[in-house]
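Residue numbers (my numbering): -7 to 429.
Yeah, the Cβ is synthetic: ideal placement off N, Cα and C, and Gly gets one too.
Here the structure is a predicted model, which is why all the values come from computation and not from measurement.
Quick notes on the structure that follows.
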Amino acid sequence: MGKEVSMDTLVNLAKRRGFIFAGSEIYGGLANSWDYGPLGVELKNNIKKAWWKKFVQMRQDVVGLDAAVIMNPKVWEASGHVATFHDPLVECKYCHARFREDKIDATKPCEACGDKSGFTEPKQFNLMFKTHLGPSQESGTEVYLRPETAQAMFVDFAQVQASSRKKIPFGIAQIGRAFRNEITPGNYIFRTREFEQMEIEYFIKESDWKEQFENWLKLMHEWLVDCGITLEKIHDLEVLKEDRAHYSSRTVDIEFDFPFGRGELYGLAYRSDFDLKNHQDSSGKDLSYTDPVTNEKYIPHVIEPTFGVDRTILAVLVSAYKEEEVDGEMRTVLSLPAHLAPYQVAVLPLMKKEELTEEARKITEELSNYMAVEYDETQSIGKRYRRQDEIGTPYCVTIDYDSLEDNAVTVRDRDTMKQERIAITELKKYLVEKISL
């Protein structure tokens, strides 16, 4: 393995190969706005699909939800976001650039202009995006784009529990977009104003919270392994009381060593009964739970594991990136887990000849029923191998003139570069077994 990847190298690879582009680039872009290209959207969808399968479909105690982005503004009053969801904002007295107070050294010159005039006194800046419902801003109702996906799961708790007939403990899961008007977004897709969360609210009895907290921490670490994220770069941070969110009685941040430094990847919080109690008090609706065996009635407490989709993608790319020397040349490889790779298999005719391409397209069509397949007939076979290595395709299937005689193909492994001759009739079974490992 070569040196660790830099952010510049990763960003350039992601752009060149179609993983991630700068948003609105033909108009000069928009600060920290990113679009997922053809390969990026496949990687993103595969991560969400794997998460949903692990934490929802394979469990009998978790159900899903897909809630509206815009909610009644009273939700955000009851949750405490209107009153407390703030960051301290300071402004350069010379160029008026704005910064989070806790992210700069106010004794040093402005990072934007280099002036030494200093900064204004900090003021609290609410991070929620506001908009208006109705025909005009003057007559419309002021609402917010949700800053997190969690609140819908609390607001819908009673309806979900009644319709699904789940007993405590059980969870509600959701994957969706959230919006935060960050003062200083940055570090590529690590911190953006629009992002996607994979989140679970797991409802429990108060007496069980410590055991459930440790169970979920273990599950989150299992997920890291599933994603191929380098465990040596993972660190659990016990968040101090003064640094925890207003609703949290205990929080552990799972941090990752990104090329720009250590940062939060995931979070696990014990939210107690803060949210359900506040929404019950604010709405006047009963959000308690009655145990069907003991008839005990109580407001459930909550364990909340939160997974950022975009940060997962970044950690996966950093962990998968490798450079190695092969026959005097540098080879770039994305060693993505097969179930996350944009393409699991590439089908490559040795040359662009009709008799080879015809057979290759037949194989592509057959395999596409079982896995994500790319067909590529351009450039030399060596360059095509290198391209597939760089985009993370685990296996390449090459059709040559011998294939027309022996009805077999050559299967090349991305990581080892070893090649194996496989009968076409056995190819689907062979690859399905490999990919499912």
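Identify whether residue i lies in helix, strand or coil by the three-state DSSP scheme.
| i | result |
| --- | --- |
| Gly(-6) | Because Gly(-6) carries a pLDDT of 45, less than 50, the predicted location of this residue cannot be relied on, and the following value inherits that uncertainty. Reduced to three states, the DSSP call for Gly(-6) is coil. |
| Lys41 | helix |
| Lys36 | helix |
| Asp97 | coil |
| Leu232 | coil |
| Leu340 | strand |
| Tyr432 | Any question about residue 432 goes unanswered here, given that the chain covers just -7 to 429. |
| Lys158 | coil |
| Ile416 | helix |
| Glu69 | helix |
| Thr1 | helix |
| Glu224 | helix |
| Leu125 | strand |
| Met190 | strand |
| Val61 | coil |
| Glu103 | coil |
| Ile355 | helix |
| Arg376 | helix |
| Arg9 | coil |
| Ala237 | coil |
| Thr133 | strand |
| Ala364 | coil |
| Asn383 | For clarity, residue 383 is Ile in the given sequence; the question names Asn instead. If DSSP states are grouped into helix, strand and coil, Ile383 belongs with the helices. |
How many angstroms separate the CA atom of residue i from the CA atom of residue j?
| i | j | result |
| --- | --- | --- |
| Met63 | Glu140 | 11 angstroms |
| Arg138 | Thr222 | 32 angstroms |
| Pro292 | Tyr262 | 12 angstroms |
| Phe146 | His213 | 25 angstroms |
| Asp228 | Thr349 | 51 angstroms |
| Pro334 | Val33 | 8 angstroms |
| Val76 | Asp265 | Checking the sequence, you will find Thr at residue 76 rather than Val. Computed Cα separation, rounded: 18 angstroms. |
| Met343 | Lys375 | 12 angstroms |
| Leu2 | Leu309 | 8 angstroms |
| Val67 | Gln143 | 7 angstroms |
| Leu5 | Leu31 | 12 angstroms |
| Met(-7) | Glu321 | Note that Met(-7) has pLDDT 42, beneath the 50 cutoff, so the model's placement of it is unreliable and the number below is only indicative. Near 13 angstroms, if we compare the C-alpha coordinates of Glu321 and Met(-7). |
| Lys233 | Gly253 | 24 angstroms |
| Ile427 | Gly72 | 46 angstroms |
| Asp273 | Ile196 | 20 angstroms |
| Phe11 | Ile181 | 12 angstroms |
| Ala98 | Lys115 | 14 angstroms |
| Glu319 | Asp407 | Note that residue 319 is Asp in the sequence shown, not Glu. Those two C-alpha atoms are separated by around 15 angstroms. |
| Met50 | Glu366 | 29 angstroms |
| Lys202 | Lys159 | 19 angstroms |
Based on DSSP bridge pairs, tell me the residues matched to residue i.
| i | result |
| --- | --- |
| Thr184 | In the DSSP output, where bridge partners are listed per residue, Thr184 has none listed. |
| Pro80 | Gln116 |
| Thr324 | Glu315 |
| Ala14 | Trp26 |
| Ala333 | Paired residues: none, contrary to the question. |
| His293 | Ile196 |
| Tyr262 | Arg242, Ile295 |
| Cys388 | Ala338, Arg404 |
| Phe250 | Gly253 |
| Arg90 | Glu83 |
| Gly21 | None, per the DSSP bridge assignment. |
Measuring alpha carbon to alpha carbon, tell me which residue in the options is nearest residue i.
| i | options | result |
| --- | --- | --- |
| Arg183 | Glu174, His238, Leu35, Gln189 | Glu174 |
| His238 | Ile391, Ile305, Phe162, His78 | His78 |
| Phe117 | Phe91, Cys102, Thr133, Glu103 | Phe91 |
| Phe171 | Phe205, Pro161, Val135 | Val135 |
| Thr243 | Gly21, Lys36, Glu206 | Glu206 |
| Ser240 | Ala104, Ala23, Val294, Asn361 | Val294 |
| Gln166 | Ser71, Lys7, Lys40 | Lys40 |
| His124 | Thr99, Thr176, Pro65 | Pro65 |
| Leu35 | Asp368, Lys426, Ile383 | Ile383 |
| Glu(-4) | Ala307, Arg378, Ser360, Tyr387 | Ala307 |
| Ala14 | Trp26, Arg8, Gly20 | Trp26 |
| Tyr281 | Gly253, Arg157, Val403 | Arg157 |
| Gln189 | Trp208, Glu198, Arg169 | Arg169 |
| Glu113 | Leu81, Cys102, Thr133, Glu103 | Leu81 |
| Arg378 | Glu103, Asp0, Arg9, Met(-1) | Arg9 |
| Ala431 | Leu119, Gly20, Asp368 | The requested residue 431 does not occur in the structure, where the chain is confined to residues -7 to 429. |
| Arg185 | Ile160, Ser199, Asn24, Asn38 | Asn24 |
| Cys388 | Glu256, Asp405, Glu230 | Asp405 |
| Pro386 | His331, Val285, Glu347 | His331 |
Hey, would you say the C-beta of residue i is under 6 angstroms away from at least one heavy atom of the ligand FAD?
| i | result |
| --- | --- |
| Arg254 | You won't find the ligand FAD in this model; it holds no ligand whatsoever. |
### Task
Could you say if the region 267 to 280 and the region 243 to 251 meet the contact criterion of at least three C-beta pairs nearer than 8 angstroms?
no
### Query
So does the region 326 to 345 actually touch the region 218 to 237, counting three or more Cβ pairs closer than 8 angstroms?
yes
#### Entry: Three-pair Cβ contact test at 8 angstroms for the region 57 to 77 versus the region 149 to 169
yes
### Query
Counting pairs of beta carbons, one from the region 348 to 361 and one from the region 308 to 320, are three or more of them closer than 8 angstroms?
no
### Task
Determine contact between the region 44 to 55 and the region 82 to 98, defined as no fewer than three beta-carbon pairs at a distance below 8 angstroms.
no
### Query
Is the number of C-beta pairs between the region 415 to 422 and the region 389 to 405 that are closer than 8 angstroms three or more?
yes
#### Entry: Cβ contact (3+ pairs, closer than 8 angstroms) linking the region 339 to 347 and the region 302 to 312
Touching, no.
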